[in-house]
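The opening residue of the sequence shown carries number 18 in the numbering used here; numbering runs sequentially from there.
All C-beta atoms, glycine included, are put in the ideal place defined by N, C-alpha and C.
Predicted model, so just to flag it, every value in this text is computed and none were measured.
Okay, so here's the structure we're looking at.
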Amino acid sequence: MDRSYLSQCDADSIQLQQLLQTALLSVRSPSVSARDHGSGHTEILNLACGPCREAGALVASFQNEAGISRRSIRITGADIRAAEIEEARSRAAAFKEGGVESEFIVFDCSRLNRLTQLDKAFDFVFLRHQNYWNAPQLWARIFEQGLSRLKEGGILGITSYFDREHDLAIKALKRAGASLLLTVRNPHSRKLPTPGKSVDRHLALFGIVDEAKPEPGKTLITPSTTCSQSPSVPLS
Ligand SMILES: C[S@@+](CC[C@H](N)C(=O)[O-])C[C@H]1O[C@@H](n2cnc3c(N)ncnc32)[C@H](O)[C@@H]1O
């Protein structure tokens with residue numbers, strides 16, 4: 018693979034880490050902070066992870082800033098493409114010495130509820146560069162599956178390449194019962210050749226509205242008044 022492309026990906030990863038750390042700190046979920054004192058792993062689920070170039074950003078965000086540094090980290094990634102998952106596995110192997118456990122699964126994330134080996138809940142569910150625009154119904158199901166896997170007080174995060182796609186994904190997540198905690202435009206997002214497209218252009222974080230955790234495959238329509246929209250956080 019092209020060297021300059023790889024170093025661009027590394028730079029993107031550093032930007033993502035900074036964006037994520039700042040955002041997680043600013044929403045400071047009480048349950049995420051409380052887990053600082055708990056035992057066990059911080060469980061991260063990365064849906065549609067592709068080759069999981071975001072692994073380093075995820076590990077660093079949760080090791081350094083999210084208030085849970087004394088816990089070890091376990092990343093579970095899933096993508097429908099086997100070759101991408103193979104690459105993700107080799108990438109994540111580099112984190113093993115740092116005590117980060119990982120598991121990568123080839124699976125259709127819109128049917129995650131059928132994956133019997135994945136029977137746990139997660140502190141953070143992440144979808145980097147969600148692809149809602151391409152297949153809205155499929156991605157709405159993937160969002161529902163992600164939300165249904167959150168622990169109480171857990172957070173789901175998405176990043177988006179495009180402005181419009183980000184707005185549509187936020188709306189879909191709200192329809193699925195998510196509460197928008199924060200959405201932020203990444204000021205350091207790297208422009209891509211397609212007009213209006215850039216790397217991790219937007220980040221949004223969500224919690225669950227009340228106890229209304231959706232059953233996988235079932236969309237909850239919540240009144241818009243229950244979905245609070247926080248102002249974007251200025252990041253410099
Ligand atoms: C835009 S890429 C993002 C990959 C990675 N998160 C990143 O940012 O580099 C979208 C990913 O969604 C995956 N995908 C599409 N449909 C899927 C499905 N039903 N289940 C799991 N993964 C899926 C694709 O294979 C692809 O890796």
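Legend entry - For S24, the first and last residue of its enclosing alpha helix (DSSP H): 20-44
Inset, instruction - Could you tell me whether the stretch 143-159 touches the stretch 111-118, where touching means 3 or more Cβ pairs closer than 8 Å? - result: no
Inset, instruction - Label K330 either buried or exposed according to how many other C-beta atoms from any shown protein chain fall within 10 Å of its C-beta, with 16 as the threshold for buried. - result: Given a span of 18 to 253 for the chain in the structure shown, any question on residue 330 remains unanswerable.
Legend entry - Outcome for D136 when other beta-carbon atoms lying within 10 angstroms are tallied against a minimum of 16: exposed
Inset, instruction - Name the residue from G213, A105, G174, L155 whose alpha carbon lies nearest to the alpha carbon of D180. - result: With distances taken between Cα atoms, D180 lies closest to G213.
Legend entry - Inter-stretch contact at 8 Å, needing at least 3 Cβ pairs: the stretch 19-35 / the stretch 62-82: Three or more pairs of CB atoms, one per stretch, sit closer than 8 Å, so the stretch 19-35 contacts the stretch 62-82.
Inset, instruction - Report yes or no: do three or more beta-carbon pairs, one from the stretch 169-185 and one from the stretch 94-107, lie closer than 8 Å? - result: In short, these stretches do not touch, since the Cβ pair count stays below three.
Inset, instruction - Kindly list the residues whose CB is nearer than 6 Å to the CB of R145, restricted to its own chain and excluding five residues on each side of it in sequence; keep chain order. - result: Hits under 6 Å: E71, T176.
Inset, instruction - Run the proximity test for D96: is its beta-carbon closer than 7 Å to any non-hydrogen atom belonging to ligand 1? - result: yes
Legend entry - Simplified DSSP assignment, three categories, for I85: Below a pLDDT of 50, predicted positions are generally treated as unreliable, and I85, at 48, falls in that range; the measurement from the model is reported next regardless. Correct three-state label for I85: coil.
Inset, instruction - Using 7 Å as the cut-off, classify the Cβ of I92 as near or not near the heavy atoms of ligand 1, replying yes or no. - result: no
Legend entry - Contact set for A157: own chain, Cβ-Cβ below 6 Å, skip 5 residues either direction: Correct list, in chain order: A189.
Legend entry - Assigned secondary structure, A189 (DSSP; H/G/I helix, E/B strand, else coil): helix
Inset, instruction - Would you mind stating whether G163 and D140 have Cβ atoms separated by less than 8 Å? - result: no
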